[in-house]
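In UniProt numbering, the protein residues as written are 1 to 257.
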Amino acid sequence: MEILEFSECFPDEPGRPIFTIVVYKLDDQYFTARISDRSVRESEITQSRLEDVVSIPKTAFQPQYSKEGFNIAQSPGSLYVKRPSLISYYHIDRIKSDRIAQDVLREAQVCEISRLHPHSNIAEYIGCETEDDRISGLCFTKYKESLMQRLNPGSLGKRAFAASSHLDRAWCNKILTGVKSALDHLHSLGLVHNDLNPSNIMLDHEDTPKLIDFGSCRHIGETLRNVGRTYPWYDEQVQYANKDNDLDALSEIGAWM
Numbered sequence: 001m002e003i004l005e006f007s008e009c010f011p012d013e014p015g016r017p018i019f020t021i022v023v024y025k026l027d028d029q030y031f032t033a034r035i036s037d038r039s040v041r042e043s044e045i046t047q048s049r050l051e052d053v054v055s056i057p058k059t060a061f062q063p064q065y066s067k068e069g070f071n072i073a074q075s076p077g078s079l080y081v082k083r084p085s086l087i088s089y090y091h092i093d094r095i096k097s098d099r100i101a102q103d104v105l106r107e108a109q110v111c112e113i114s115r116l117h118p119h120s121n122i123a124e125y126i127g128c129e130t131e132d133d134r135i136s137g138l139c140f141t142k143y144k145e146s147l148m149q150r151l152n153p154g155s156l157g158k159r160a161f162a163a164s165s166h167l168d169r170a171w172c173n174k175i176l177t178g179v180k181s182a183l184d185h186l187h188s189l190g191l192v193h194n195d196l197n198p199s200n201i202m203l204d205h206e207d208t209p210k211l212i213d214f215g216s217c218r219h220i221g222e223t224l225r226n227v228g229r230t231y232p233w234y235d236e237q238v239q240y241a242n243k244d245n246d247l248d249a250l251s252e253i254g255a256w257m
């Protein structure tokens, strides 16, 4: 049994116990289950403790691969491979069994646009990883660390970090200028990132910023209904993709730095 993910679940109903959701792989099949405890370490997860086991079909999270429109990464072992989180499948996505696969397909389509129209401040997309003629992951050049990891390794809250930061302004301006250039390029392609935050900006060995994570990217004017964004880096009142979503978030990052 290979543990892929696990996370505490906090039920909405008062009085219901907190439990742990586990996603695992066994004999090339994927499963989700629960453990009736919180704060479980990976070494404590055994098959005998798993309850309410549900099989996750590959069709639920791996969209069909098509030669027309998708490039295959030839050596994914040397790359960063982004694979979808399956934690939500336990209590949400089995209701609509292909939602995760559709999200992967949409992000792959955006990444293909990026591959055909590259930019020095956008993460280099190489192509998709495939498994049985399905897209199992999206492959990118590996980068050193995120802006969040560099500046806030202690995981302080947004306000607490901003109040404590004393950063080199020239360096900050270099980062902000690079990200702004990436956003301008994305907008010129008719796309909006919609989830700009310090964890979605990587730094390479020369501290060049690289925009990552296009799961929330939408065409200008598209609805943001059911689109995942990162609190508190977006305006909850905004429900459509527009350039200001990204530019306002960039201003927030500038103030945070």
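Here a beta-carbon is modelled for each residue, glycine too, at the ideal position from N, C-alpha and C.
query                                                                                                       : result
Check: residue 24 C-beta below 7 Å from any heavy atom of the ligand ADP                                    : Here there are no bound small molecules, and the ligand ADP is not part of this structure.
Straight-line Cα distance separating residue 131 from residue 58                                            : 10 Å
Coil, strand or helix - residue 123 by DSSP                                                                 : coil
Buried or exposed by the 16-neighbour rule on C-beta atoms within 10 Å, applied to residue 90               : buried
Buried/exposed call for residue 226, threshold 16 Cβ in 10 Å                                                : exposed
Simplified DSSP state of residue 135, which is helix, strand or coil                                        : strand
Residues bridged to residue 7 [DSSP beta-bridge criterion]                                                  : 21
Residue 241 (DSSP reduced to helix, strand or coil)                                                         : coil
Given residue 198 as reference, the closest of 252, 206 and 112 once Cα atoms are compared                  : 252
Residue closest to residue 10, alpha-carbon to alpha-carbon, out of 203, 24 and 36                          : 36
Close beta carbons around residue 244, own chain, < 6 Å, minus the five adjacent residues each side         : none
Contact under 8 Å by Cβ, residue 193 with residue 211                                                       : yes
Beta-carbon proximity check, residue 239 vs residue 224, cutoff 8 Å                                         : yes
Nearest to residue 257 (by Cα), restricted to the options 19, 69, 168 and 222                               : 168
Whole-angstrom C-beta distance between residue 81 and residue 145, which should lie under 8 Å               : With 8 Å as the limit, residue 145 and residue 81 do not qualify as a contact, their Cβ atoms being about 17 Å apart.
C-alpha distance - residue 138 paired with residue 108, whole-angstrom precision                            : 7 Å
Euclidean distance between Cα positions of residue 220 and residue 1                                        : 43 Å
Cα-Cα separation between residue 142 and residue 50, rounded to whole angstroms                             : 34 Å
Residue range of the beta strand (DSSP E) that includes residue 81                                          : 80-82
Ranges of the beta strand (DSSP E) found wholly within the region 157-242, counting only runs of at least 3 : 201-203 and 209-211
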